[in-house]
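Taking the numbering used here, the leading residue of the sequence shown gets 47, the next gets one more, and so forth.
Just so it is clear, CB atoms sit at the ideal spot from N, CA and C, and this is done for glycine as well.
Take a look at the structure set out below.
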Amino acid sequence: MSSTGKSNCRRAQLDELPAGVANEPYVHFVRGSILDRGTYERSRLRDNRVVIVFPMESSVPESDGSTRTVVDLVLRYVGDETRILHVLVSSENAWMFEEMESTAVMESLEVLALVQECQDTHSALIVQRLLLNTEGGNPNTVFPHKVLGWSWADFTRYCMEAATQSGIVANPLAIVKPGGPLVCPAPSELIQEGDEVSVIALPGFDWDAFETLMVECRDGVSGA
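Written out as structure tokens, the structure reads:
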């Protein structure tokens, strides 16, 4: 038993997982009333690695109040080895959880939280910070011109070299093919016409200038 999921519901009853993760191994739901003490005692929350609390109404911000109640009760039945995640409907309600040992994820990340948090402790929080655009680097999808035909291995190599030489913070993230993104491209994967590239960078990132610098770095190495 690696994780316990708590689903959104309409009658104060936790009774099913989201369809996207219903058949995932080691992910299951707790059935019962959110105000029934027996629900928390029978579920053996302490034995689980992660507990996820879903809102009662996924589109109603006021549901965050009920979520806070559940998180508070769950905290009474888990130990230090169990992480708690709660799906937040509205970021404006985050203040209610400030003093609680629970990590917020937005509704759009709930499947990631259920599946990935059971395998990797910080995955949902990392992705959330990337997407919320509130601090640090954020994904920038750019159109390659001068690096067309490069392999992903070359792109990552000279991206790092250009970043080191210029002091610009930039990290390769993915290749966006016409059919969808490759979030973990093979080193031999080529950047082709029609592709885009996602780079994690700080605000004000000048891709055109950075791409030019990458080419200069490669030419300098090849000409050495």
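- In this chain, the beta strand (DSSP E) harbouring V245 covers E242 to A247.
- For the pair S148 and L131, the CB atoms are nearer than the 8 Å cut-off.
- For V116, the enclosing alpha helix (DSSP H) covers residues S109 to V120.
- Taking a cut-off of 8 Å on C-beta distances, the segment 234 to 242 touches the segment 195 to 209, as three or more cross pairs fall below it.
- Between P218 and R95, the alpha-carbon positions lie close to 31 Å from each other.
- About 5 Å separates the Cβ atoms of P107 and V135, confirming a contact at the 8 Å cut-off.
- Linking K223 to P249 through their CA atoms gives a straight-line distance of about 24 Å.
- Excluding sequence positions up to five before and after R92, its CB lies within less than 7 Å of the CB of Y123, V124, G125 and T128, all in the same chain and listed in chain order.
- Residue state for S212 is assigned as helix, using DSSP reduced to three classes.
- In the structure shown, G226 adopts extended strand secondary structure according to DSSP, grouped into three states.
- Burial is judged here by how many other beta carbons sit within 10 angstroms of a residue's own beta carbon; A140 has fewer than 16 and is exposed.
- The beta carbon of C263 sits closer than 8 Å to those of Y204, E207, A208 and Q211, all from its chain and outside the five residues before and after it, given in chain order.
- A Cβ-Cβ separation of about 5 Å places A220 in contact with P227 under the 8 Å criterion.
- Taking 8 Å as the cut-off, the beta carbon of V245 is found closer than this to the beta carbon of V188.
- By the neighbour-count criterion, in which a residue is buried when 16 or more other Cβ atoms sit within 10 angstroms of its Cβ, L259 is buried.
- Its chain contains I237 and V243 as the residues whose beta carbon lies nearer than 6 Å to that of P190, once the 5 sequence neighbours on both sides are disregarded; these appear in chain order.
- In the same chain as V116, and ignoring 5 residues on each side of it, the C-beta atoms closer than 6 Å to its own belong to I80 and V99, in chain order.
- Closest by C-alpha distance to D252, out of A232, D241, I214 and G266, is I214.
- With a cutoff of 8 Å on beta-carbon distance, L176 and P185 are scored as near each other.
- For T187, the enclosing beta strand (DSSP E) covers residues N184 to V188.
- Between L121 and M146, the C-beta gap is smaller than 8 Å, which places the two residues in contact.
- With a contact defined as Cβ atoms closer than 8 Å, T85 and V97 miss out at about 12 Å.
- Distances from the CA of G182 to each of A247, F256 and M102 were compared; the closest alpha carbon is that of A247.
- Annotation for R83: no beta strand (DSSP E) segment contains it, though the alpha helix (DSSP H) segment containing it runs R83 to R88.
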